[in-house]
Every structure is written in C-alpha cells, then in structure tokens.
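Peer 1: Below are the structure tokens for one structure; questions will follow.
Number of protein chains: 2
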Amino acid sequence: MASFREQKIAKKKQEILRSAAAVLAEKGYHGTTMEEIAAQLLMTKGSMYYYFKNKDDILYHCHQMIMELSLEKIEEVVNSDDNPIEKLESAIKAHILLSISEKSMFMIMDRPYQKFTDEQLKEVLDARRNYAHYFDKIIKEGMEKQVFENVDPKMVRMIILGAINYIQQWYNQNGPNTDEEIADSYATNLLKMVVKKK
Amino acid sequence: MASFREQKIAKKKQEILRSAAAVLAEKGYHGTTMEEIAAQLLMTKGSMYYYFKNKDDILYHCHQMIMELSLEKIEEVVNSDDNPIEKLESAIKAHILLSISEKSMFMIMDRPYQKFTDEQLKEVLDARRNYAHYFDKIIKEGMEKQVFENVDPKMVRMIILGAINYIQQWYNQNGPNTDEEIADSYATNLLKMVVKKK
DNA sequence: TTATATTTTTACTATTAGTTTAAATAGTAG
DNA sequence: CTACTATTTAAACTAATAGTAAAAATATAA
Chain A
0 MASFREQKIA KKKQEILRSA AAVLAEKGYH GTTMEEIAAQ LLMTKGSMYY
50 YFKNKDDILY HCHQMIMELS LEKIEEVVNS DDNPIEKLES AIKAHILLSI
100 SEKSMFMIMD RPYQKFTDEQ LKEVLDARRN YAHYFDKIIK EGMEKQVFEN
150 VDPKMVRMII LGAINYIQQW YNQNGPNTDE EIADSYATNL LKMVVKKK
Chain B
0 MASFREQKIA KKKQEILRSA AAVLAEKGYH GTTMEEIAAQ LLMTKGSMYY
50 YFKNKDDILY HCHQMIMELS LEKIEEVVNS DDNPIEKLES AIKAHILLSI
100 SEKSMFMIMD RPYQKFTDEQ LKEVLDARRN YAHYFDKIIK EGMEKQVFEN
150 VDPKMVRMII LGAINYIQQW YNQNGPNTDE EIADSYATNL LKMVVKKK
C-alpha cells in the first residue's frame, strides 16, 4: 500500500527535484550549493538530507526522471504504425518539445562521467544507449523500406542528437519562434538528410 | 622588442593553458583545483599565480586562444573564391577537424555565462556571434546564388553548429572512424539540408 | 664573484560547502 | 490531553580550496 505518507514524500521529492534542476541548470553542478537549492524552496539545507542521500543523489534522480520520460516518448513512436519518415519526424519533434518544456532537467544532463561513478554512471549510460538505439532502429527501418537513402545510421543519429540537444543552449522563451516552429523547422531540415528524393 | 624573456613567458603560458585545458575538460571547471592544474605540469600552484591572475583568467585565455584559431579558419573560408557549397563544406570540415584536434579546449567552452561575468563574458559572446555570423553569410550567399534551397539561415546554422559541437561528446581517439571520415560524413549529410537537387 | 632580477616553493589565511547530529517543532492517533 | 512519530531546523564538524605573501632558489648580468 502506497500510504498517504509515502505519497506525500514522493510529491515533496518531485518538488525538490524540479526546483533543484532550475538552480543546477543556471549555476552548474559544482557551482550550486545545497543551501541555494534549499533556499529556493524556503527550506534549510539540512532538510534536503531528509529526502535525499546527498547532492549526487539529487542530480541522479533528476536524470532518472527525464530519462524515463524520454524513453516513454520514443518507445511510443517506435512502436507506432507510422512509416519511418513519420517516425523520425515524430521522434525529433517529441525530443525537441520535451527538451524545451523540461529545459532545466535536460541542461544538467551533460558530462555524466564528471558527476557519477560506478552504478549510477552505468545506469545513466545504459539508458542513453537505449535511447540512441531507438533512433538507429528508425533510421535502419527507413533504409530497409527504401524510403531513406543509404546512410551511416550512427553518423546520422549523432548529427540529429547533437543538433536537437543544442537547442537548450540558445532557446529563449521570448524568442521569435514558437516551440512548434522550432520543432517543425528542425524536423524538416534534418529529414532532408535521409529521405529519398523522387 | 618582444624580448627573449617575454617570449619565454608567452611560451610557458601556452604550456600552462594546454595542460590546464586537459584537466578542465576531464573534471569540469569547478571540479578542477589549481593544485591539479599545477601538478600535471610538475609545478606548484603558487607558480600558476605568477603567470595568471586566477582560475577564471586561465579559462578565459583558453577561450581566447581557441576563438582566435576558429575565427582565422572561417575567415579564410569565407574570403576564398569557392562557391557557397564548397565554402559550407570547408567551414564544416575545418570546424570539426579543429574541434577534434583541440578537443579539450572546445570541451571547456560550454556555458560561458556560468563562468564569466561582465567584460570577459562580453568578449566571449561577441566572438561567438561573430563566428556564427560567418556561417549565416555562407548560407545566405548560397541562397542568393540559387545553389541552396530557401531555408531559415538561423535554424540551419543552429542545426549545423549543434551537430558539429556534439562530436566532442562522443569522439574517441580509438573509434572506428578517422577524423577525416567523420568530417566528410558530417559535411555530406549536413549539406543535404541546403543544397538544391537538380 | 657579486649584485640584481626573475621564478618557484612553502606556509598560511580565510572562506566555503557537504554532511551529520541533536534538539525543536508540528502532526496524529488513542 | 497525551504519547508517539514525522519533519524541520540550527549548529557544529570536517575537509577542501582559492588566493596571498614572503622566503628560497635560480638565472642573469655587471
């Protein structure tokens, strides 16, 4: 039974993670103090240790949260009945929209090997490999079904992931383009790399 | 007269920057101590302060160094007599090859606003705007000369820069592809986004 | 060789941050 | 109201580090 109390704690943890991600994204991992994380929630840093083991642990759970969300989305796309062109387009757009709406979380996910060791690092890298693999799967499917040109799936995947993850670096809430426009433009342009011309 | 002594100091500074970049790239800015930077050079941290004002200053000069190199390269490309297709190809390849050969330097250039303030931040951002501008120039030239499709130059530039800067994240000296193969593959695929098909 | 300038090391300071602990407060069931 | 539990706080502890300054070592030149 997920008791009332357990639910309450889970909710509080989520709150802490969201708030922490915002500070961590702005100041960087080592640049952020536990006090800052706590202050933003009107708590004291001691309280943080009631909910999380330590600073690493907070970052790790941020990773977990966003990796789960990302994997869910792409699995849905991969398992759909769409053709590879539509799948690749959906995968790109979904990733972009998620990375914009969860900008802070995505921003703190760089260089995991600088922040984690052992078990945690393994988990993170596995999840990423997994995610990348789904992209490869779509690209290969497109090639098999002759709707994509013959390309090196790994290279194309790296180009796509690099391009879409870079958006966090320049995205601005008040910029001239809506999120959808950005997602559309990226998808359209990136698809031109692989889709066969008649 | 750039005296003998001044040259010696300049050389030593370069040595420190290169070595520092390697440590900074591996451990991150806040994760690297002045002592570690010094130790790798078989020096003590006191000496570091003889050559550089402080830790920021070291990072800043790393930035300067690589930005100068990058700008030189792209200016050369932009001012050449090549057609826009060749220019874009050269710009992409040059950036990739430089970012691989100077991997550490490039890796420490992320999130400048987390590391610099005021004057230094301004310098860094200006140089980047400048660099980005050259890409836009090539893209616009290609559109004017009707060899590129009609695209949003900013979006295409962001896609390209994101893709090529991501290489540092996965590049491995001992990987299956040579640097040239990577550069070729990236250039070929990225150009497909813009080059008009007959 | 001696005097001077440059470079490096050593020792120190002050600060800061992550974590732990014990005490205080709030909440709840009987 | 009471006793117990859960949560939060504040203080204390530890370890680490950026930066400084003066002394020591080394190189240079007269």
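Protein chains in written order, with numbering that gives the first Met the number 0: chain A, 0 to 197; chain B, 0 to 197. By construction, the Cβ of each residue, glycine as well, lies at the ideal position given by its N, Cα and C atoms. All values derive from a computational prediction rather than experimental measurement.
1. Which first and last residues belong to the alpha helix (DSSP H) in which B/TYR50 is found?
2. Taking just the CA atoms, how far does B/ASP55 sit from B/HIS29?
3. Report yes if the C-beta distance between A/ALA90 and A/ILE65 is below 9 angstroms; otherwise report no.
4. Within 10 angstroms of its Cβ, does B/HIS60 collect 16 or more other Cβ (buried), or is it exposed?
5. From A/GLN6 to A/ASP151, what distance separates their C-alpha atoms?
6. Using CA atoms only, rank isn't needed, just tell me which of A/LYS11, A/LEU97, A/ASN149 is closest to A/ASP135.
7. Give every residue of the same chain whose Cβ lies closer than 6 angstroms to the Cβ of B/ALA24, excluding the five residues on either side of it in the sequence, and list them in chain order.
8. Can you check whether the CB of A/LEU87 is closer than 9 angstroms to the CB of A/ILE138?
9. From what residue to what residue does the alpha helix (DSSP H) around B/ASN149 run?
10. Excluding the 5 residues preceding and the 5 following B/ASP81 in the sequence, name in chain order all residues of the same chain whose CB lies nearer than 7 angstroms to its CB.
11. Whole angstroms is fine: what's the gap from B/ALA21's alpha carbon to A/MET192's?
12. Which residues of chain B have a Cβ atom closer than 8 angstroms to the Cβ of A/ASN164, listed in chain order?
13. So, does the CB of A/SER98 fall closer than 9 angstroms to a CB anywhere in chain B?
14. What are the residues in the segment 28 to 58 of chain B lying within 7 angstroms of chain A by C-beta distance?
15. Return the Cβ separation of A/LEU96 and A/ILE57 in integer angstroms, given the expectation that the two are a contact with Cβ distance under 8 angstroms.
16. Where does B/GLN145 land, buried or exposed, given buried means 16+ other C-beta within 10 angstroms?
Peer 2: Per the coordinate set shown:
1. 44 to 50
2. 10 angstroms
3. no
4. buried
5. 47 angstroms
6. A/ASN149
7. SER103, MET106, ILE107
8. yes
9. No alpha helix (DSSP H) contains B/ASN149, which DSSP labels as neither H nor E.
10. SER89
11. 34 angstroms
12. GLY161, TYR165
13. no
14. HIS29, GLY30
15. With a Cβ gap of about 25 angstroms, A/LEU96 and A/ILE57 do not count as contacting.
16. exposed
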